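In mature numbering (1 follows the signal peptide of the UniProt record, and there is no 0), the protein residues as written are -16 to -1, 1 to 393.
Take a look at the structure set out below.
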């Protein structure tokens, strides 16, 4: 995108300061709907902030800055990540409030959503600069708890989207089986289901071996056992082998591992590296880094939730060609928006908080605000989100039976 903007003329750049998303396109860029370009642009801002946070937390960055006589108390380490993500969260939350109840691009706020990119960047930069002037004090601890709560809701939203994805996947393969070559698609469905269940069960066994002790790690034993039982329940409720139940079971096991890897009790939290390099030896204690619990899948989320129903959204009707032969973005939201502007920005706000917690490994600043330490709240946030996801999935299975008078198609 940056390369495409760089080759534009000065006149085009000037018009883009207050123009629509179509200004982000040039002859070398693929054409798309305004709604698609807008979401890509906002996502790019989130990515840019994330990259800055990663650079500031990289090992050796503090030493490098000190060599150049830079005061790095706030501009590197977890403090910089907190402030960068604070700025992004405030930026997206502000737009979430502004975009409430926008029904179409004819709303004056639609122009703000799809245009004014130069000023949006200035606002984000301004909030970011201001965030780095926030004194340490109680900010780090308070913002840590904001990150915990926001991350819980972000994981919950991701789990709901994954449930939707699992249902869509299962329905798609069943439909293909009904349309033709049923043996192949039923066999594929059964194969994937068996593989997912086998992996989920294998993880349960490994968890009991490496993340529990005969006389310790009671919480882990409870977490593993409960989630294993819950997965059996949702699988039985689904009646027949379906890919979504196995998929959710496998993902639940991943969330369980992610939660246990944040346990401050190192006797119950072996290093992931030690398990890989020497699986038969007694695992060395140490927290394992966590990763994101899954990204949004292409084509699965509902359009009304703020995500596109297709990853690309590029079709022969996605653009119009001007007299100069240049493809321009089409405003496809004059009648109604294709996604919720407000929810989209709220999702990016929660994503900013989740990124903050992930980059800092869910550690909490200590009383002196000089180091970070692992805490049990991060464990409960992830375990709680896994239970929430299983409850949502269970409801999708029993709701059509309980509420038979409603259409759930």
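By construction, the Cβ of each residue, glycine as well, lies at the ideal position given by its N, Cα and C atoms.
Remember, it's a predicted structure, so these values are computed and weren't measured experimentally.
Query raised in the report: Whole alpha helix (DSSP H) runs in the segment 76 to 130 with 4 or more residues, listed along the chain?
Result: 92 to 98 and 101 to 115
**Report entry** Where residue 288 falls, given that 16 or more other Cβ within 10 Å makes a residue buried
**Finding:** Because residue 288 sits at a pLDDT of 35, beneath the cut-off of 50, its placement in the model cannot be relied upon, and the following sentence gives the value as read from the coordinates. Residue 288 is exposed by the Cβ-count criterion.
Report task. Check whether the segment 357 to 375 touches the segment 239 to 251, counting contact only when three or more Cβ pairs, one atom from each stretch, lie closer than 8 Å. Result -> Taking a cut-off of 8 Å for Cβ pairs, the segment 357 to 375 and the segment 239 to 251 touch, as three or more such pairs fall below it.
Query raised in the report: Is it buried or exposed for residue 390, if we count other Cβ within 10 angstroms and need 16 for buried?
Result: exposed
Report task. Can you give me the start and stop residues for the alpha helix (DSSP H) that residue 202 sits inside? Result -> Unbroken alpha helix (DSSP H) run through residue 202: 202 to 221.
Requested in this report: For the alpha helix (DSSP H) holding residue 18, just list the boundary residues, first then last.
Outcome: Residues 18 to 41.
Query - the segment 324 to 342 / the segment 63 to 83 touching (three or more Cβ pairs under 8 Å) - result: Flag = yes, the segment 324 to 342 and the segment 63 to 83 touch.
Report task. For my contact list, residue 340 and residue 69 are in at a C-beta cut-off of 8 Å; report their separation, rounded to the angstrom. Result -> 4 Å
Query raised in the report: Whose C-beta lies closer than 7 Å to the C-beta of residue 239 among residues of the same chain, with five residues either side of it excluded?
Result: 277, 366, 369 and 370
Requested in this report: Would you kindly work out how many angstroms separate the C-alpha atoms of residue 111 and residue 361, rounded to a whole number?
Outcome: 29 Å
Requested in this report: Mind checking who residue 396 pairs with in its DSSP beta bridge?
Outcome: With the chain covering -16 to 393 only, the question about residue 396 has no answer from this structure.
Query raised in the report: In the segment 323 to 373, which residue ranges form an unbroken alpha helix (DSSP H) of at least 4 residues, counting only runs that do not cross its ends?
Result: 325 to 343
Query raised in the report: Is residue 314 helix, strand or coil by DSSP?
Result: strand
Query raised in the report: Is residue 384 helix, strand or coil by DSSP?
Result: helix
Query raised in the report: Alpha carbon to alpha carbon, how far is residue 229 from residue 36?
Result: 38 Å
Query raised in the report: By a C-beta neighbour count over all protein chains shown, 10 Å radius and 16 as the cutoff for buried, is residue 337 buried or exposed?
Result: buried
Report task. Look at the alpha carbon of residue 314 and the alpha carbon of residue 128, and state the distance between them as a whole number of angstroms. Result -> 42 Å
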